[in-house]
Amino acid sequence: MNERSHDSLFLHADGDSFFVACELSQNPEYDGLPVVVGEDRGIAVAMSPEAKKLGVTRGMPVFQIKKEFPSVIILPHHFDLYRKISDGVYATLLSYLDRVEIYSIDECFAEVKMSDVRFFGSEKKLAMAIQHEIWQTFGVTYSIGIARTKALAKTASKLNKPSGVVILLNEFEEHEALKKTDVEDVWGIGRRTSPRLIQMGIHTAHDFIMYSSDHIERFFSEPLRVLQLELSGQSIHLIASCTDPRDQQSIQSTSTFRPPSNDPRIIWSELSDNAEHACARARELRLLTRSVSFFVKTTEFVHHFADAKLPVFTTDPGVVLNALEPYLSTVLVRGERIRSTGIILHALLREEDVPRDLFGRQDSAFAQLVIEKVADAVRTKFGRGALMRASSQKVSVHERGNSFPKRG
Ligand SMILES: [Mg+2]
């Protein structure tokens, strides 16, 4: 089979021990230790690989963990943090690929076009660039699979966890991957179906695709036959993304400094610049937000987050920065040097869907935005430096990553 017969591929990105990884991004001192999330729920919701190795399983009661595994660190869960990192990862994927589907809080599918591959040089380089940016920005690792179908991409991302990149481009590679995958671990094969398949002598995903399709069709439901086709390299499931960029939930802008700095003025000027970028993109799409966050990342890869609710829906960087400024001093710890910053606009709403309030505050916010839009027009005509917020003026130029627009 010609391995270049397809004109697009599928990517699956899967967070490694996601909830625990998010906690570790805030508490790196626990890195490498057995950590369980779920103290507040009374059961283990997520475990680090080290905790799994000890024997902690999902759903195990906290009192039992404390008794049987006293070395385990048990943390409460912080769903807002996971949501924020998840939003950011989605925005990162969107900065590389046009069609991205959120599958769960820590999983996304995306379409990979051959032009994307060419731009990076290979599928593997593309996957590694995405992985690297996610790690650099959020301090969590993702495993990535790229293959001819969604089911194969999902199989691939599992094969080399954590931080794995597995690319399946031809039938040989696919079959090797399927041989390593137990049938009960296949996406779409339920707990009730797998014992039946095992009884029929189907132990691996490879056994499953080699099994008579007539039998599968006769004795099982339609989705299982579709799965058999997908694992055999016939793409049936498409990316359920909205191609409309106005449907995106969040926009982010990040930057990395060289050299790192602990000067609050430099850090603030970066954040200010991040806010301008993110807001300009939102204005371009006529999207507004009331929910913003920022992060700073130290040279030790500690992430500090803060978020704020805005009084009105806006994309005025001044309003965003005013809301976030009080938190800057709370996230800057003495002595810590910052190597990157980012601003994320969350829960974006289309301009036409923004509710008007009784006191006209929203209307005056819109009026204020007209000024920013005029400034956008000036920048479009004379270049980005033509009009800049005073707080964004800075000493040197830094490497920048934005969730838009990709490349020329
Ligand atoms: Mg995961």
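Numbering (the working numbering), first residue to last: 33 to 440. Even glycine gets a Cβ: it sits at the ideal position worked out from N, Cα and C. Here the structure is a predicted model, which means the values were calculated and not measured.
- One alpha carbon belongs to Y135, the other to A45, and they sit about 10 Å apart.
- Of the residues E332, Q400, S189, F345, the one whose Cα lies closest to the Cα of E383 is F345.
- Using a cutoff of 8 Å, the CB of G196 does not count as near ligand 1, since none of the ligand's heavy atoms is closer than that.
- Apart from the 5 residues on each side of it in sequence, N192 sits with its Cβ closer than 6 Å to the Cβ of V198 in its chain, given in chain order.
- T169 sits in a helix when the DSSP states are folded into three classes.
- By the neighbour-count definition (other C-beta atoms within 10 Å, threshold 16), E208 is an exposed residue.
- Of the candidates P292, A272, I298, A183, the residue whose Cα lies closest to the Cα of P255 is A183.
- Membership of H269 in any alpha helix (DSSP H) is not indicated, and neither H nor E is assigned to it by DSSP.
- DSSP, reduced to helix, strand and coil, places S244 outside both helices and strands of the structure shown, so it counts as coil.
- L129 and E139 have their C-alpha atoms some 15 Å from each other.
- Of the candidates P291, L356, G177, the residue whose Cα lies closest to the Cα of K156 is G177.
- Per DSSP, the continuous beta strand (DSSP E) segment holding T346 begins and ends at 335-346.
- As for any beta strand (DSSP E) of minimum length 3 sitting wholly inside the stretch 279-326, the runs are 283-293, ordered along the chain.
- In the structure shown, R382 falls within a strand segment according to DSSP collapsed to helix, strand and coil.
- Of the candidates Y114, E357, P66, the residue whose Cα lies closest to the Cα of V104 is P66.
- Selection H247, T373, M232, M420 evaluated against N294 yields T373 as nearest (Cα-Cα).
- Counted as a single uninterrupted DSSP element, the alpha helix (DSSP H) harbouring V149 occupies residues 146-152.
- With respect to the 9 Å criterion, T331 and R371 are classified as neighbours on the basis of their beta carbons.
- Taken in chain order, the complete alpha helix (DSSP H) segments of 4 or more residues contained in the stretch 212-245 are 225-231, 237-242.
- Under the DSSP assignment, V363 falls in the alpha helix (DSSP H) whose first and last residues are 349-363.
- By the Cβ neighbour-count rule, A355 is buried, with 16 or more other Cβ atoms within 10 Å of its own.
- S304 is positioned such that its CB atom lies closer than 9 Å to that of L353.
- Under a 10 Å Cβ-count criterion, E206 is classified as buried, with 16 or more other Cβ atoms of the shown protein chains found around its own Cβ.
- In the DSSP assignment, I178 falls within the unbroken beta strand (DSSP E) covering 174-179.
- Closer than 8 Å to some heavy atom of ligand 1: that does not describe the Cβ of D279.
- Under DSSP, G374 forms a beta bridge with T286, F327.
- In the displayed model, E143 falls within a strand according to three-state DSSP.
- Comparing alpha carbon positions, the residue from A185, G265, I375, T89 closest to E357 is I375.
- Residue nearest to L319 within the set K329, L377, D112 is L377 (criterion: CA-CA distance).
- Within the stretch 54-131, complete beta strand (DSSP E) segments of at least 3 residues are found at 67-69, 105-107, given in chain order.
- Ligand 1 approaches D48 closely enough that one of its heavy atoms is under 8 Å from the residue's Cβ.
- Counted as a single uninterrupted DSSP element, the stretch harbouring S253 is not any beta strand (DSSP E), since DSSP gives it neither H nor E.
- For F50, the three-state secondary structure derived from DSSP is helix.
- A distance of 9 Å or more separates the beta carbons of V94 and A78.
- The bridge partners DSSP lists for F42 are E143, A179.
- It is roughly 11 Å from the alpha-carbon of V406 to the alpha-carbon of A312.
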